[in-house]
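Asks:
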Amino acid sequence: MPKLIRLTENGAELVDDRFTTVSDDEPIPAGDVILSLTRYQAEGEVLAGSNRATGVLLAGDEEVEALVYDLPRIPVVALSFAKFRDGRHYSTARLLRERYGYTGEIRAVGDVLREQAGPMVRCGIEVFAPSDGSTAEQWAATAGRFRHVYQRAADSREPIFAERAEGRAE
Amino acid sequence: MYQYDVLDKEFLADRSAEFRHQVARRLAGEITEDQFKPLRLMNGLYLQLHAYMLRIAIPYGTVNGAQLRKLAWIARTYDKGYGHFTTRTNLQFHWIKLRDMPDILDALAEVDLHAIQTSGNCIRNVTADPRAGATAEEVDDPRVWAEVIRQWSTLHPEFTYLPRKFKIAVTASAKDRTAAKTHDIGLSLRRERDGTLGFEVMVGGGLGRSPYIGKTVREHLPVDRLLSYLEAVLRVYNRHGRRDNPAKARIKILVAQLGIEEFARQVEAEWALIDASKVDLPDTELARIRSFFARPDFQTLPRVSDAFDAAKAADAGLARFARNNVHAHKVPGYAIVDVSLKAIGATPGDASAEQLEVLADLAERYSLGEARVTHEQNIVLPHVKLDDLAAVYAGLKAAELASPNINLVSDIIACPGLDYCALANARAIPVAQDIARRFEDADRAELVGELKIKISGCINACGHHHVGHIGILGVDKKGEEFYQLTLGGSGAEDAEVGKPLGPALAANQVGQAIEDLVEVYLRERKGEERFLDTFRRTGVAPFKEAVYAEAH
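So the sequences go chain by chain: A and B.
Letter by letter, the first sequence follows residues 0 to 169 in numbering that gives the first Met the number 0.
Letter by letter, the second sequence follows residues 0 to 551 in numbering that gives the first Met the number 0.
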């Protein structure tokens, strides 16, 4: 079974990926699957009755708004980074967490590199399929490099101005 | 000026450690150059023609004596003894070795300097009016808001991989010294009739291949809502800006394609959904930041200085310097001094380590410890007593920093061009030097008056040629350097993109063409008209006739 890096309270761990990501021209196998947005919209209703979990893969140009009403029954949203430079899904992840209150799994797939760990984690992504062979330990270390942050995002970190208000700069 | 507290300092230390780690991974071959590139760019490190170039952020152009001395030390220790101030009010070193970078960042962090986000597709170093806190023209201190933006934008996790770079400028005077309308976002502080302070928000300005003047997306944004509104603008851009073609990826293209009304509608819709209480700074933090920009301890002085007037009468050089480089201060008995980095024949914006140290000394002795960098690649000593002007002038003169040419024809903006830059098509520096030499006669330069020449070595327009009164763009014609002239541009409050004059000129024709253009202006001008005013009245015809007459 393929492995993924999942954030934990103390760092990160390697976990099995119980989902099969299915391309649009493949038949849907048994078990839990992740489908493209298009296929989910076409077939998700049927699959919902089949006693398995169905996640959705969003391409870079697909917008989370299309998924809003289905979110309560979607266990995982996989955000596809075709190129690591394509930053659209940083916004997607924040909207999922902060605007739509999504509590399921958000994972980053595609061109996912260790040096992106910091901003990805801050935007609410918690599961990673790195394309550069990073280990869980490396991932956690990279994500935790900074003792302070300057702004709020989808994580629970308090920004520097809140730390100051609590007297931590003295 | 703003003082870093322990939290700001720990942040810089972590950043420095992070880049040390990234450089080690690169040198060990663990990551490819393609993967390393965005990481080094976000630390200001470019690979240029001859070496790495390091661009150091000078947030809103404000710098103190200790920082200037550290920059001088880096110039001597790791570079060739000089640095180059840019139109983004940053300082570049052009001869840096990758393996030295971590140590350089540590040295910078000792004086609260860094290279964060001086490149890459992220929110770049924010700029502000170099006369902030010194001019009577402003309705508020723009540095307060520039610092607010600096903090918010630093490693903003959502906006680290934008479609393209993103530049913000803040001004608070009717007279715009930041080129706000050429920025992705220009913020102009205004006071409403009811006394409330707000920003006019202009979006979608930018130069480069497709020049646009920024359009007003919101007339009055309450100042305490600044960050949530910026977050809305950036989110709309991050999600919808084009990513298929870097030449069309700036926000100006999105604004042009949507139209300003539709863009504004999308921003307002996004803004309405943002939980502003999480984004906008609390009043206590705004007050804390503002306290660093409190009015310094100015002395109570007479409006005129007998000592200065006597010195001027005795020294024509000082009198000329005073006419061109010294400006009114909001406090009686003080002046704002512009220091030109455009000595005749020098490279525009370059400063040697010795000059940086002289500026540090003068700032500390005579300008309450502060200097500013301008987007026109000059330095400002913002708080000089009239009584001290003669001493400041003498100090500058000894360091070859007393060129009395601010806003005159030899005060030229030029990018590094083909002498340094891998992107350039043509050299910019020798063109600037040639023009400056032709107007070396200071009487003639003063007779010509305000004339802003801006030179870019390629279409990326780092030299802002589109908004020069005379713009000069280097182009490559079958392996030869040619130059396209534009006239009538302005980057100020009357911003406009210049109009092409005619076919591109060979390198050896440019200097003469500038002289011809100036002669036409002197012949045609009426009253107090600047070059720009005359051009706007007469149109291009007489200028075109003069430059291309000989070719017929």
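Glycine included, each C-beta is placed from N, C-alpha and C at the ideal position.
Here the structure is a predicted model, which is why all the values come from computation and not from measurement.
(1) Using a Cβ-Cβ cut-off of less than 7 Å, give me the residues of the region 125-150 of chain B that come near chain A, in sequence order.
(2) Going along the chain, which residues of the region 89-122 of chain A sit with their C-beta nearer than 9 Å to a C-beta in chain B?
(3) What's the gap between the Cα of Leu97/B and the Cα of Ala425/B?
(4) Decide if Ser22/A is buried, meaning its Cβ has at least 16 other Cβ atoms within 10 Å, or exposed.
(5) For Gly456/B and Thr85/B, which I take to be in contact (beta-carbon distance under 8 Å), what is that distance rounded to the nearest angstrom?
(6) Have a look at Ser304/B and Val325/B and give me their C-alpha separation to the nearest angstrom.
(7) Can you pull the chain B neighbours of Gln150/A, defined as C-beta to C-beta under 7 Å?
(8) Among residues of its own chain, excluding the 5 on either side of Asp99/B, which ones have a beta-carbon nearer than 6 Å to its beta-carbon?
(9) Hey, does Gly54/A have any beta-carbon neighbour from chain B nearer than 8 Å?
(10) Hey, is the region 62-79 of chain B in contact with the region 123-143 of chain B, meaning 3+ C-beta pairs nearer than 8 Å?
(11) Answer yes or no: do Gly497/B and His465/B have a C-beta to C-beta separation smaller than 8 Å?
(12) Kindly indicate if chain A contains any beta-carbon less than 8 Å away from that of Leu225/B.
(13) Does any C-beta atom of chain A lie closer than 8 Å to the C-beta of Phe307/B?
(14) Give the secondary structure of Leu317/B by DSSP, where H, G and I count as helix, E and B as strand, and everything else as coil.
(15) Taking Cβ positions only, does Gln34/B come closer than 8 Å to chain A?
(16) List the residues of chain A whose Cβ lies closer than 8 Å to the Cβ of Thr159/B, in chain order.
(17) Would you say Ile428/B and Asp442/B are within 8 Å of each other, going by their C-beta atoms?
(18) Taking the alpha helix (DSSP H) that Gln137/A belongs to, which residues open and close that run?
(19) Within this structure, are the beta carbons of Trp270/B and Tyr228/B separated by less than 8 Å?
(20) Using DSSP bridges, identify the partner residues of Glu109/B.
(21) Please classify Gly470/B: does DSSP put it in a helix, a strand, or coil?
(22) Check each residue of the region 230-257 of chain B: if its Cβ is closer than 8 Å to any Cβ of chain A, include it; give the result in chain order.
(23) What distance in whole Å lies between the Cβ atoms of Ile167/B and Leu186/B, which are believed to be in contact at a cut-off of 8 Å?
(24) Given a threshold of 16 other Cβ atoms within 10 Å of its Cβ, counted over all protein chains shown, does Val519/B qualify as buried or as exposed?
(25) Give the interface partners of Thr283/B over in chain A, defined as CB-CB distance under 7 Å, in chain order.
(26) For His49/B, is the classification buried or exposed, using 16 other Cβ atoms within 10 angstroms of its Cβ as the cut-off for buried?
(27) Mind listing the chain A neighbours of Asn120/B? Cutoff is C-beta to C-beta under 8 Å, in chain order.
(28) Spatial neighbours of Tyr89/A within its chain, please: CB distance less than 8 Å, with the 5 preceding and 5 following residues excluded, ordered by chain position.
(29) So what does DSSP say about His93/B, is it helix, strand or coil?
(30) Let me confirm a value: Leu361/B is counted as buried when at least 16 other C-beta atoms fall within 10 Å, else exposed. Which label applies?
(31) Below 8 Å, can you find three or more Cβ-Cβ pairs linking the region 248-255 of chain B to the region 200-214 of chain B?
(32) Would you verify that the beta carbon of Val5/B is, or is not, closer than 8 Å to some beta carbon of chain A?
(33) Quick check on Phe84/B: does DSSP put it in helix, strand or coil?
(34) On the DSSP letters alone, give me the boundaries of the alpha helix (DSSP H) that Lys251/B sits inside.
(35) Could you confirm whether any beta carbon from chain B is found closer than 8 Å to the beta carbon of Phe127/A?
(36) Alpha carbon to alpha carbon, how far is Val55/A from Leu90/B? Give it in angstroms, no decimals.
Replies: On the basis of the coordinates in this document:
(1) Gln150
(2) Tyr89, Ser90, Thr91, Ala92, Arg93, Leu94, Glu97, Arg98, Leu112, Arg113, Glu114, Gln115, Gly117, Pro118, Met119, Val120, Arg121, Cys122
(3) On the second sequence, position 98 is the one that residue 97/B refers to. On the second sequence, position 426 is the one that residue 425/B refers to. C-alpha separation (whole angstroms): 27 Å.
(4) Here residue 22/A refers to the residue found at position 23 when the first sequence is read from its first residue. Exposed is the call here.
(5) Mapped onto the second sequence, residue 456/B falls at position 457. Mapped onto the second sequence, residue 85/B falls at position 86. Between Thr85/B and Gly456/B the Cβ distance is about 13 Å, and since that is not below 8 Å, they are no contact.
(6) For the purposes of this step, residue 304/B is taken as residue 305 along the second sequence, with counting starting at 1. For the purposes of this step, residue 325/B is taken as residue 326 along the second sequence, with counting starting at 1. Going by the C-alpha atoms only, they are around 14 Å apart.
(7) The sequence position of residue 150/A within the first sequence is 151, counting from 1. Going along chain B in sequence order, the residues near Gln150/A (Cβ under 7 Å) are Trp151, His155.
(8) Reading the second sequence from its first residue, position 100 is the one you call residue 99/B. Closer than 6 Å at the Cβ level, and outside the excluded window around Asp99/B, lie Tyr77.
(9) Working through the first sequence from its first residue, we reach residue 54/A at position 55. No, no contact with chain B.
(10) no
(11) Mapped onto the second sequence, residue 497/B falls at position 498. Mapped onto the second sequence, residue 465/B falls at position 466. Taking 8 Å as the cut-off, the Cβ atoms of Gly497/B and His465/B count as close.
(12) Taking the second sequence and counting its residues from 1, the one referred to as residue 225/B is at position 226. It does not; no Cβ of chain A falls within 8 Å.
(13) Residue mapping note: residue 307/B aligns to position 308 of the second sequence, counting from 1. Contact with chain A is absent for Phe307/B, since none of that chain's Cβ atoms lies less than 8 Å from the residue's Cβ.
(14) Within the second sequence, numbered from 1, the residue matching residue 317/B stands at position 318. Here Leu317/B sits in helix by DSSP.
(15) In the second sequence, the residue the question calls residue 34/B occupies position 35. By this cut-off, Gln34/B is an interface position.
(16) Numbered from its first residue, the second sequence carries residue 159/B at position 160. The answer, in chain order, is Gly86, Tyr89, Pro118.
(17) Translated into the one-based positions of the second sequence, residue 428/B becomes position 429. Translated into the one-based positions of the second sequence, residue 442/B becomes position 443. No Cβ-Cβ contact shorter than 8 Å links Ile428/B with Asp442/B.
(18) Looking up residue 137/A in the first sequence gives position 138. Looking at the DSSP string, the run of the alpha helix (DSSP H) that includes Gln137/A is 135-142.
(19) What you label residue 270/B is simply residue 271 of the second sequence in a count that begins at 1. What you label residue 228/B is simply residue 229 of the second sequence in a count that begins at 1. In this structure, Tyr228/B lies closer than 8 Å to Trp270/B by Cβ.
(20) Within the second sequence, numbered from 1, the residue matching residue 109/B stands at position 110. Looking at the DSSP assignment, Glu109/B forms no beta bridge with any residue, so it has no partner.
(21) Walking along the second sequence from the start, residue 470/B turns up at place 471. The answer is strand: DSSP assigns Gly470/B an E or B state.
(22) Arg234, Asn237, Arg238, Arg242
(23) Here residue 186/B refers to the residue found at position 187 of the second sequence. Here residue 167/B refers to the residue found at position 168 of the second sequence. Indeed, because the Cβ distance is near 7 Å, the residues count as touching under 8 Å.
(24) As a position in the second sequence, residue 519/B is number 520, starting the count at 1. Per the 10 Å Cβ criterion, buried.
(25) As a first step, residue 283/B must be located in the second sequence, where it is residue number 284. Within 7 Å Cβ-Cβ: Ala164.
(26) Start at 1 with the first residue of the second sequence, and residue 49/B comes out as number 50. Flag for His49/B reads exposed.
(27) The residue labelled residue 120/B in the question sits at position 121 within the second sequence. Here the neighbours are Arg84, Gly86.
(28) For this step, residue 89/A is matched to residue 90 along the first sequence. Counting only Cβ-Cβ distances below 8 Å, and skipping sequence neighbours, we find Pro118, Met119, Cys122.
(29) Looking up residue 93/B in the second sequence gives position 94. Here His93/B sits in strand by DSSP.
(30) Position 362 of the second sequence holds residue 361/B. So Leu361/B ends up on the buried side.
(31) Two segments are said to touch when three or more pairs of C-beta atoms, one from each, lie closer than 8 Å; by this definition the region 248-255 of chain B touches the region 200-214 of chain B.
(32) On the second sequence, residue 5/B is found 6 positions in, with the first residue counted as 1. Interface residue, yes.
(33) By 1-based counting over the second sequence, the position of residue 84/B is 85. Of the three classes helix, strand and coil, the one that applies to Phe84/B here is strand, per DSSP.
(34) Translated into positions along the second sequence, residue 251/B becomes position 252. Going by DSSP, Lys251/B is part of the alpha helix (DSSP H) stretching over 250-257.
(35) Residue 127/A sits at position 128 when you count from the first residue of the first sequence. Not closer than 8 Å to any Cβ of chain B, the Cβ of Phe127/A fails to qualify, so no.
(36) By 1-based counting over the second sequence, the position of residue 90/B is 91. By 1-based counting over the first sequence, the position of residue 55/A is 56. Rounded to whole angstroms, Leu90/B to Val55/A spans 47 Å at the Cα level.
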